[in-house]
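Q:
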Amino acid sequence: MFPRILVAATLFFFFLFHPIPNASAQWVQQTVALKEGWNSVFLEVEPYPAQCRQLFKGMPIQTVTTYDPDLSSVEFIQNPAELTPDLPDWRFYFPVGDPREFSNNLHAFQANT
C-alpha cells in the first residue's frame, strides 16, 4: 500500500511542478492570385503585417477599398435632404505617391473581411 501512495504522490508532484511547454498556434497562409483589373478578395486569415503601407509595399496596387458599415441608423447630418457625404461606410487605401493618398482611411486589415 505504501509504494502505491509514494508513486501516486510522486506523480502528483511531478505533474504539478513540471513545466509544461508553451503551446503555440500554427501560422496559416492564404495566397491570393490577383489578376489585372478589378479583384474581389475575402481574407480568411489575419494578415501579417496588417498595416496596408507595409503589406502593399512594392506592389503595383492602385487602390484598395473595403465596405465597413458603421451599423448606425443615422443617414442624415442636419438636413434630411442631404445624405451623409463622401461614402462614410467605405474605407480606402491609396499607395504612397498617389495624389489621393491624403484621404486614406483604411490603415490595417483584419480577417473575415
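Residue numbering for the sequence shown is 0 to 112, as defined by numbering that gives the first Met the number 0. Ideal placement from N, C-alpha and C gives every residue a C-beta, glycine not left out. Only a predicted model underlies this, so the values are computations on that prediction, with no experimental measurement involved.
Who pairs with T64 in a beta bridge, going by DSSP?
A: Note: T64 sits in a beta bridge opposite F91.
Q: At the level of alpha carbons, what is the spacing between A49 and A8?
A: A49 and A8: Cα-Cα distance of roughly 49 Å.
Q: Out of D97, C51 and R99, state which residue places its alpha-carbon closest to the alpha-carbon of F108.
A: Comparing Cα-Cα distances from F108 to each of D97, C51 and R99, the minimum goes to C51.
Q: Have a look at Q25 and G36 and give me their C-alpha separation to the nearest angstrom.
A: Roughly 33 Å between the two C-alpha positions.
Q: Under a three-way DSSP split, which group does A107 fall into?
A: Correct three-state label for A107: strand.
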